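J.: First, the structure itself, so that you have it in front of you.
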Amino acid sequence: MAEAANQMELDLDDAAAVFGSAAFVERDQFVYFVTLARELGDPADWPGFRSELVAALNAAWGLDTIWSDLPDQVQRERTATRLQRAQEILDEVRQQHDPLCDWDRFASSLWTARHRLRPTP
Numbered sequence: 008m009a010e011a012a013n014q015m016e017l018d019l020d021d022a023a024a025v026f027g028s029a030a031f032v033e034r035d036q037f038v039y040f041v042t043l044a045r046e047l048g049d050p051a052d053w054p055g056f057r058s059e060l061v062a063a064l065n066a067a068w069g070l071d072t073i074w075s076d077l078p079d080q081v082q083r084e085r086t087a088t089r090l091q092r093a094q095e096i097l098d099e100v101r102q103q104h105d106p107l108c109d110w111d112r113f114a115s116s117l118w119t120a121r122h123r124l125r126p127t128p
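If you want it as structure tokens, here you go:
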């Protein structure tokens with residue numbers, strides 16, 4: 008049993024070396040917060056559930072990240088734009104895969120769309 012555990016650690020270490028530990032942390036944060044939103048929210052109430060998911064994505068990826076070198080007004084506009092974009096992407100993903108009926112595909116498509124959600128300086 009210990010040998011199998013050691014082999015699993017080695018495999019995870021090798022994967023981290025190949026893919027980079029940051030990718031695993033990013034995926035882990037995504038899974039954690041989106042799963043939490045799913046457990047607390049109700050996909051049948053889409054507006055409320057979408058708000059839960061936006062909050063989850065914000066928690067995972069800091070969509071409201073503040074840059075100290077930007078004026079407050081610009082930061083507020085960027086944050087509002089990113090959060091609005093998150094809602095739009097969630098609506099697009101929902102049209103492809105209903106989270107109530109096909110959660111796994113919904114979550115997978117949302118993960119695939121993550122590059123469109125991430126904050127940019």
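Under the numbering used here, the first residue of the sequence shown is numbered 8, with each subsequent residue one higher. All C-beta atoms in this analysis are idealised placements derived from N, C-alpha and C, irrespective of residue type, glycine included. All of these numbers come straight from a predicted model, not from anything done at the bench.
1) With distance defined between alpha-carbon atoms, name the residue in Ala63, Val100, Cys108, Arg123 nearest to Ser115.
2) Please classify Arg85: is it buried, with 16 or more other beta-carbons within 10 angstroms of its beta-carbon, or exposed?
3) Which residue wins for smallest C-alpha separation from Thr88, given the options Thr42, Asn65, Asp109, Cys108?
4) What three-state label does DSSP hand Ala51 in the structure shown?
5) DSSP state of Leu77, grouped into three classes?
6) Quick check on the burial criterion: 16 or more other C-beta atoms within 10 angstroms. Buried or exposed for Asp52?
7) Thinking C-alpha only, which one of Leu43, Ala62, Arg123, Gly48 is nearest Leu107?
8) Measuring only the C-alpha atoms, how far is Thr72 from Leu60?
9) Grouping DSSP H, G and I as helix and E and B as strand, with all else coil, what is Leu43?
10) Taking Cβ positions, are Ile96 and Leu124 nearer each other than 8 Å?
11) For a test of the three-state rule: what should DSSP assign to Asp2, helix, strand or coil?
12) Just to confirm before moving on: does the CB-CB distance between Phe37 and Ala62 stay below 8 Å?
T.: Here's the rundown:
1) As a position in the sequence shown, residue 115 is number 108, starting the count at 1. Nearest option by C-alpha distance: Val100.
2) As a working note, residue 85 is residue 78 in the sequence shown. The residue in question, Arg85, is buried, as its Cβ has 16 or more Cβ neighbours within 10 Å.
3) The residue labelled residue 88 in the question sits at position 81 within the sequence shown. Comparing alpha carbon positions, the residue from Thr42, Asn65, Asp109, Cys108 closest to Thr88 is Asn65.
4) Start at 1 with the first residue of the sequence shown, and residue 51 comes out as number 44. Ala51: coil per DSSP, three-state reduction.
5) Along the sequence shown, read from residue 1 onward, the residue named residue 77 stands at position 70. Look at Leu77 here: in three-state DSSP terms it is coil, with no helix or strand label.
6) Working through the sequence shown from its first residue, we reach residue 52 at position 45. An exposed status is given to Asp52, since fewer than 16 other beta-carbon atoms sit within 10 Å of its beta-carbon.
7) On the sequence shown, residue 107 is found 100 positions in, with the first residue counted as 1. It is Gly48 whose Cα lies nearest to the Cα of Leu107.
8) Here residue 72 is taken as the residue at index 65 of the sequence shown, counted from 1. Here residue 60 is taken as the residue at index 53 of the sequence shown, counted from 1. Straight through space, the alpha carbons of Leu60 and Thr72 are spaced by roughly 17 Å.
9) Taking the sequence shown and counting its residues from 1, one reaches residue 43 at position 36. In the structure shown, Leu43 sits in a helix (DSSP, three-state: H, G or I).
10) Within the sequence shown, residue 96 is the residue found at index 89, counting from 1. Within the sequence shown, residue 124 is the residue found at index 117, counting from 1. Cβ distance < 8 Å, so Ile96 and Leu124 count as in contact.
11) What the structure shows of the chain is the stretch from 8 to 128, and residue 2 is not part of that stretch, so it cannot be assessed.
12) Walking along the sequence shown from the start, residue 37 turns up at place 30. Walking along the sequence shown from the start, residue 62 turns up at place 55. No, the Cβ-Cβ distance between Phe37 and Ala62 is not below 8 Å.
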